Each structure stands twice: as C-alpha cells, then as structure tokens.
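Heads up: the structure comes next, in structure tokens.
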C-alpha cells in the first residue's frame with residue numbers, strides 16, 4: 008500500500024519527532040520485527056479488495072508505512088497517470104469537485120487537484136500533501152490506483168467541470184409541474200365542495216352533508232396550498248444551489264482564470280484549459 012493515507016508533511020513530522028536511536032543495531036532489529044508484525048495485523052484487519060475512504064480514515068501512518076512496498080505497488084509516472092484518469096472519471100460523475108493539473112513542485116513532476124476548499128498534491132512515490140475535501144477525496148483514489156489489480160475507471164469524453172454560465176437555474180421541472188397540477192385540482196375541488204354546500208337544496212340530512220362538504224373543502228384547500236408552497240420552496244432551493252455551484256466554479260478560476268491563492272504552486276496556463284475542465288472561456292471577461 009502506498010503512503011497515501013497520511014500526508015507527506017505528517018510523515019516527516021512524525022519521523023522528526025522520533026529522534027536519533029542510541030543503539031542503531033538493536034533499534035533496527037526491533038523495528039524490523041515490529042514492521043513484520045504490523046504488516047500482518049494490517050492485512051488481517053483490512054480487506055483491500057473492498058477498500059474505501061472509511062477504511063483509509065482508520066489507518067495510521069505506521070500502518071500505511073508497514074504495508075507500503077515500492078516493488079509491489081505501482082509508483083512513479085504510471086501512478087500519476089492512473090490517478091489522473093480515475094479522478095477525471097469521478098469529476099465526470101460529479102463524485103469529486105476539482106480541477107486537475109500536471110505541475111512541477113521543487114523540481115519534481117506532481118499531480119495537483121484543487122477546488123475552492125483545498126488541494127491535494129500527489130507525488131510519484133505515492134505520498135500526498137494538501138488539505139480540505141479534495142485531500143479526503145484523493146487519498147482513497149491514490150491507494151486504489153497503486154494496486155496492480157485495480158483498473159482505473161475510463162473517463163467519458165464529457166469529463167469536465169462546466170462553465171458557471173452553463174449551470175441551469177434548477178432541475179426537476181416536470182415534477183414541479185405535476186405537483187402544481189395536483190395542487191390546482193385540489194383547490195378547484197375545494198371550491199366545488201364549498202359551492203355545493205351553499206347551493207344544495209334543503210332537505211332531511213342536508214345539514215350534515217353540508218358540514219361534511221365544508222370540512223372536506225378545507226382539507227383539500229390546505230393540501231393544495233401546502234403543495235404550492237412545496238413547489239415554491241423547491242424552486243428557491245434549486246436556484247440557491249445553482250448559484251452556490253456557480254460561485255464555487257468561479258472561485259477555482261473557471262470564469263476569470265484566477266486560481267485560489269492557497270495553492271503551493273502557481274501553474275502556467277489557464278485553468279479553464281486544464282485536464283478535466285471545460286475549455287469554454289468567458290467571452291465577457
């Protein structure tokens with residue numbers, strides 16, 4: 008397994024805090040035995056055929072380090088290619104919200120994935136640095152792509168994030184229309200019952216019938232008004248979510264080309280032309 012669990016900086020901090028051993032030979036032997044035992048425990052504890060984000064969150068840095076074997080797991084340029092392919096597929100299915108770019112960091116080619124809430128930088132050795140939701144999403148992808156038996160998902164041709172202007176105001180218009188029809192029918196029925204109650208001819212038992220009609224009219228009217236309010240609330244919610252999504256797309260540079268300021272590198276080029284991003288530019292900017 009790669010050390011894609013903890014970030015590269017976390018691993019360095021832990022190693023720095025351990026200090027220099029007094030007896031190098033004794034410590035090396037102890038660590039060797041401990042690693043073998045820990046590797047066995049990790050392989051018994053986790054099912055790597057069904058390994059996902061929840062299992063990754065449980066693993067400590069020591070567990071990742073114990074099962075990492077660069078001769079067994081895929082690393083290097085091939086790992087970056089596999090991670091990039093799988094992330095593009097997740098972007099297309101809207102499971103991941105991020106822009107993916109190949110950049111150079113401290114003289115090393117890395118894969119950078121970022122959004123408005125964080126970033127993840129994947130190194131050829133399988134280690135990851137970053138923060139936020141993107142780091143959380145990328146970690147399991149790196150772990151899976153480092154396994155030879157895992158086949159990365161092939162992204163479709165439309166594996167892109169849309170331009171902010173392409174986001175519709177809302178969805179589910181057919182369902183809203185159906186609810187409006189039902190609500191209108193209930194209100195018409197309520198009016199019909201009220202009219203029937205007032206204009207019905209007098210007779211034995213008519214008072215009871217009129218009372219029942221009035222009660223039913225009130226029930227229909229309340230139900231109709233409730234459905235209309237539900238439709239109005241759904242439309243407002245759709246509009247709010249659409250605007251929120253547009254703002255996120257703008258924040259990562261898909262409108263003006265400005266990347267988030269927290270990125271550790273400043274890649275060349277325009278993020279609107281990056282892999283996994285629609286190349287539609289804003290003609291008004």
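Numbering (this note's numbering), first residue to last: 8 to 292. Heads up, the beta-carbon is just placed ideally off N, CA and C, and yes, glycines get one too. Note that this is a predicted model, so its numbers are computed, not measured.
Among the options, the one whose alpha carbon lies nearest that of residue i
i: residue 198; options: 150, 142, 223 and 54; result: 223
i: residue 293; options: 86, 51 and 45; result: Limits of the chain in this structure are 8 at one end and 292 at the other, which puts residue 293 out of reach.
i: residue 131; options: 175, 84 and 51; result: 84
i: residue 157; options: 89, 138, 98 and 142; result: 89
i: residue 184; options: 52, 91 and 234; result: 234
i: residue 80; options: 94, 152 and 225; result: 152
i: residue 140; options: 134, 169, 123 and 114; result: 123
i: residue 251; options: 133, 175 and 146; result: 175
i: residue 91; options: 247, 127, 115 and 242; result: 127
i: residue 191; options: 247, 229 and 52; result: 229
i: residue 148; options: 94, 201 and 117; result: 94
i: residue 182; options: 142, 225 and 241; result: 241
i: residue 159; options: 254, 246, 97 and 46; result: 97
i: residue 180; options: 245, 45, 67 and 226; result: 245
i: residue 273; options: 214, 113 and 101; result: 113
i: residue 220; options: 115, 44, 171 and 200; result: 200
i: residue 101; options: 214, 45, 169 and 116; result: 169
CB-CB length for residue i against residue j, believed under 8 Å
i: residue 271; j: residue 259; result: Not a contact, Cβ separation roughly 15 Å.
i: residue 187; j: residue 238; result: 6 Å
i: residue 155; j: residue 103; result: Actually they do not touch by this definition, with Cβ atoms about 23 Å apart.
i: residue 217; j: residue 196; result: With a Cβ gap of about 16 Å, residue 217 and residue 196 do not count as contacting.
i: residue 231; j: residue 256; result: Actually they are not in contact, since the Cβ atoms of residue 231 and residue 256 sit about 38 Å apart, beyond 8 Å.
In DSSP terms, what residue i is bridged to
i: residue 137; result: 127
i: residue 89; result: Looking at the DSSP assignment, residue 89 forms no beta bridge with any residue, so it has no partner.
i: residue 106; result: 121
i: residue 112; result: 115
Beta-carbon spacing of residue i, residue j below 8 Å
i: residue 65; j: residue 49; result: no
i: residue 107; j: residue 120; result: yes
i: residue 129; j: residue 118; result: yes
i: residue 82; j: residue 133; result: yes
i: residue 253; j: residue 171; result: yes
Heavy atom of the ligand MN within 7 Å of residue i beta-carbon
i: residue 202; result: No copy of the ligand MN occurs in the structure displayed, which carries no ligand at all.
Neighbour flag for residue i against chain D, beta carbons, 8 Å
i: residue 46; result: Protein chains in the displayed structure number just one, and chain D is not present.
- Query: Whole alpha helix (DSSP H) runs in the segment 213-269 with 4 or more residues, listed along the chain?
  - Reply: List check, alpha helix (DSSP H) in window: 213-258.
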